[in-house]
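To start, the structure itself, in structure tokens.
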Amino acid sequence: MSQTRGQASQTQDKASQTQNKALLFDIDGTLADTDPLHLAAFNKVLGPHGHTFDHARFGRELQGFSNASIGERFLAHEPAERRASILGEKERIFRELVSGQIVPVPGLMALLERADRAGVAMVAVTNAPRPNAELLLAGLGIAHRFKAVVIGDELAHGKPHPLPYLEGLRLAGASAQASLAFEDSRSGIQSATAAGIATVGMRTGLSHADLIAAGAVASARAFDDPELIRLVASAMAW
Numbered sequence: 000m001s002q003t004r005g006q007a008s009q010t011q012d013k014a015s016q017t018q019n020k021a022l023l024f025d026i027d028g029t030l031a032d033t034d035p036l037h038l039a040a041f042n043k044v045l046g047p048h049g050h051t052f053d054h055a056r057f058g059r060e061l062q063g064f065s066n067a068s069i070g071e072r073f074l075a076h077e078p079a080e081r082r083a084s085i086l087g088e089k090e091r092i093f094r095e096l097v098s099g100q101i102v103p104v105p106g107l108m109a110l111l112e113r114a115d116r117a118g119v120a121m122v123a124v125t126n127a128p129r130p131n132a133e134l135l136l137a138g139l140g141i142a143h144r145f146k147a148v149v150i151g152d153e154l155a156h157g158k159p160h161p162l163p164y165l166e167g168l169r170l171a172g173a174s175a176q177a178s179l180a181f182e183d184s185r186s187g188i189q190s191a192t193a194a195g196i197a198t199v200g201m202r203t204g205l206s207h208a209d210l211i212a213a214g215a216v217a218s219a220r221a222f223d224d225p226e227l228i229r230l231v232a233s234a235m236a237w
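In terms of numbering that gives the first Met the number 0, the sequence shown has 136 at position 137, counting the first letter as 1, and numbering is strictly consecutive.
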């Protein structure tokens with residue numbers, strides 16, 4: 000297909016406008032509302048060790064944290080190998096519970112499609128183990144949309160350290176100032192904002208006040224929220 004000089008210039012202009020931009024997404028509780036299933040799985044394996052969680056405690060002490068840090072806090076009496084085994088069982092239980100129940104947060108598919116059309120890179124950034132991340136992305140049918148999947152436990156530091164989001168920016172070839180992140184947990188928001196990325200808090204588990212207190216610039220119940228749509232359109236210039 001041939002292009003006129005004007006068409007070629009427009010294509011180059013569009014590419015230059017999006018080359019340093021990225022949308023970075025947490026997975027659990029952000030792309031799909033899976034937190035109730037994680038809560039059930041944690042109670043199953045940590046209950047015998049004297050730890051039970053309601054929704055509020057889950058949001059404060061488990062949501063968004065790596066299994067390594069959870070093991071250090073709640074299974075300190077166990078050897079490291081036993082901690083890993085217990086939390087590995089938690090993930091197995093979660094994958095069993097979530098199978099066939101993976102539903103996108105409303106508006107997600109339209110946002111991902113719009114970003115693809117605009118040529119904006121998308122990266123998933125999570126503290127979840129890779130099998131969980133791959134299961135959820137495949138279950139949603141969106142794995143092909145993401146340029147990369149960053150796993151916190153595969154790095155020197157997971158969330159709330161900024162490293163996972165800094166790695167996401169690197170893989171996307173994007174700058175923090177031109178990008179947006181979407182998170183549902185305090186630790187995730189802290190990670191993204193520490194990396195210099197404006198972050199939208201998703202109200203799948205925490206309140207607007209909690210998300211803003213953690214550092215989010217705005218909050219939304221879902222991706223079809225009109226204010227979120229306007230914010231993303233403005234930030235991505237589409």
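By construction, the Cβ of each residue, glycine as well, lies at the ideal position given by its N, Cα and C atoms. For clarity, every value in this text was computed on a predicted model and none was experimentally measured.
Pick from the options that is closest to residue i, judged by C-alpha positions
i, options, result
"M121", "R185, A180, I211", "A180"
"D25", "D53, A234, I228, S186", "S186"
"L136", "T29, N19, L227, Q18", "T29"
"L230", "A177, P35, G49", "A177"
"G238", "E60, A219, G99", "Residue 238 lies beyond the range of the chain shown here (0 to 237); nothing can be said about it."
"M108", "S206, A31, I196, W237", "A31"
"A155", "A114, R116, S68", "S68"
"I150", "A173, N126, A117, A21", "N126"
"P159", "A75, W237, G214, E80", "G214"
"L205", "G58, L23, A173", "G58"
"G157", "Q62, A114, V216", "Q62"
7 Å CB neighbourhood of residue i in its chain, flanking five on each side removed
i, result
"H37", "D27, F93"
"T51", "N42"
"K146", "A120, M121, V122, L170, A171"
Three-state secondary structure (DSSP) of residue i
i, result
"P47", "helix"
"V97", "helix"
"D27", "strand"
"P35", "helix"
"A75", "coil"
"L22", "strand"
"P130", "helix"
"A236", "coil"
"V231", "helix"
Same chain, Cβ closer than 6 Å to residue i, neighbours up to 5 away in sequence not counted
i, result
"V44", "I85, E88, K89"
"V148", "A123, A132"
"F64", "S186"
"L142", "A small correction: the amino acid at residue 142 is Ala; Leu does not occupy that position in the sequence shown. Hits under 6 Å: L136."
"A234", "L179"
- prompt: Counting only runs that start and end within the segment 138-188, where is the alpha helix (DSSP H) found for 4 or more residues in a row?
  reply: 162-171
- request: Decide yes or no for the touch test of the segment 99-118 against the segment 221-232: beta carbon pairs closer than 8 Å, at least 3 of them.
  value: yes
Complete runs of the beta strand (DSSP E) confined to the segment 193-225 [at least 3 residues]: 197-201, 217-219
Three or more C-beta pairs below 8 Å linking the segment 147-166 and the segment 182-198: yes
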